[in-house]
């Protein structure tokens, strides 16, 4: 298995632009998580899905953030409009069961200028 | 919000020495996990210990869990330069969906 695949690896965008981050979880994993990592706030859980259904989105910072999981093999995290304070590394992770060990993707480093 | 707090925040040791990192948490848990993150990379799952377990081993790793003190420790024996990384504890809560929350991490440097 290729692991959790995220794209793009790096994204530089101008303030106000829409940004879409993509994630392909490990086949057979039924839980998917989006995290954001910054030096100031560490690793923050944004949202997680179980069987493609959003379970908890309380970590999504604002309405500018939205996430979807249209099927078991794909998820997106969208920021519209983006702001400089959204600059961070965004990780997607998947697991076979809630509460189990997670497999993380390599992350997307987002820079909003 | 952060559930776990690691101690120390940073640790520097010589190759061959043992490294011990501690994690404290606040609420009841279903399990506790340890992850490693190399600079610029994603986190890698190392070991999971359930709330009814007290100790677990995996290769050079030894994890202990004391639920009465709400604390865990990760011991890396005979450290190697390749162990240089940040180490995070993560707690799986005892709610129905077992939400996992990560701590602040310990940055370990192993000097060759």
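Protein chains in written order, with the working numbering: chain A, 3 to 115; chain B, 183 to 294.
Just so it is clear, CB atoms sit at the ideal spot from N, CA and C, and this is done for glycine as well.
Distance between residue j and residue i (C-alpha atoms, nearest Å)
{"i": "residue 92 of chain A", "j": "residue 291 of chain B", "result": "25 Å"}
{"i": "residue 84 of chain A", "j": "residue 38 of chain A", "result": "14 Å"}
{"i": "residue 13 of chain A", "j": "residue 112 of chain A", "result": "5 Å"}
{"i": "residue 198 of chain B", "j": "residue 186 of chain B", "result": "28 Å"}
{"i": "residue 86 of chain A", "j": "residue 94 of chain A", "result": "21 Å"}
{"i": "residue 21 of chain A", "j": "residue 43 of chain A", "result": "21 Å"}
{"i": "residue 99 of chain A", "j": "residue 283 of chain B", "result": "15 Å"}
{"i": "residue 8 of chain A", "j": "residue 234 of chain B", "result": "35 Å"}
{"i": "residue 24 of chain A", "j": "residue 57 of chain A", "result": "19 Å"}
{"i": "residue 60 of chain A", "j": "residue 268 of chain B", "result": "26 Å"}
{"i": "residue 90 of chain A", "j": "residue 40 of chain A", "result": "5 Å"}
{"i": "residue 253 of chain B", "j": "residue 224 of chain B", "result": "25 Å"}
{"i": "residue 11 of chain A", "j": "residue 255 of chain B", "result": "33 Å"}
{"i": "residue 202 of chain B", "j": "residue 72 of chain A", "result": "43 Å"}
{"i": "residue 66 of chain A", "j": "residue 75 of chain A", "result": "24 Å"}
Contact list for residue i against chain B, beta-carbon separation under 8 Å
{"i": "residue 105 of chain A", "result": "227"}
{"i": "residue 18 of chain A", "result": "Residues of chain B passing the Cβ test: none, with the nearest at roughly 28 Å."}
{"i": "residue 108 of chain A", "result": "223 and 224"}
Nearest-angstrom beta carbon gap, residue j and residue i [assumed within contact, 8 Å]
{"i": "residue 236 of chain B", "j": "residue 260 of chain B", "result": "Their Cβ separation, rounded to whole angstroms, is 23 Å, which puts residue 236 of chain B and residue 260 of chain B out of contact at 8 Å."}
{"i": "residue 227 of chain B", "j": "residue 104 of chain A", "result": "6 Å"}
{"i": "residue 6 of chain A", "j": "residue 102 of chain A", "result": "At roughly 14 Å, the Cβ-Cβ gap does not stay under 8 Å, so residue 6 of chain A and residue 102 of chain A are not in contact."}
Amino acids of chain B, ordered along the chain, whose beta-carbon sits closer than 9 Å to that of residue i
{"i": "residue 93 of chain A", "result": "224 and 225"}
For residue i, the residue or residues it bridges with in DSSP
{"i": "residue 44 of chain A", "result": "A:40"}
{"i": "residue 257 of chain B", "result": "B:202 and B:244"}
{"i": "residue 228 of chain B", "result": "DSSP, once it has assigned bridges, lists no residue as partnering residue 228 of chain B."}
{"i": "residue 208 of chain B", "result": "Bridge partners of residue 208 of chain B: none, in fact."}
{"i": "residue 219 of chain B", "result": "B:225 and B:268"}
{"i": "residue 107 of chain A", "result": "Answer by DSSP bridge pairing: none, since residue 107 of chain A is not bridged."}
The region 212-237 of chain B: which residues have C-beta closer than 9 Å to a C-beta of chain A, in chain order? 212, 213, 215, 217, 219, 222, 223, 224, 225, 226, 227, 228, 229 and 230
Name the residues in the region 54-74 of chain A whose C-beta lies less than 8 Å from a C-beta of chain B; which are they? 57 and 58
According to a CB-to-CB cut-off of less than 9 Å, which residues of the region 281-294 of chain B neighbour chain A? 281, 282, 283, 284, 285, 286 and 287
To be precise: take each residue of the region 74-85 of chain A, compare its Cβ to all Cβ atoms of chain B, and keep it if any distance is under 7 Å. Which residues remain? none
Can you give me, in chain order, the residues of the region 35-50 of chain A that have a beta carbon less than 7 Å from any beta carbon in chain B? 44, 45 and 47
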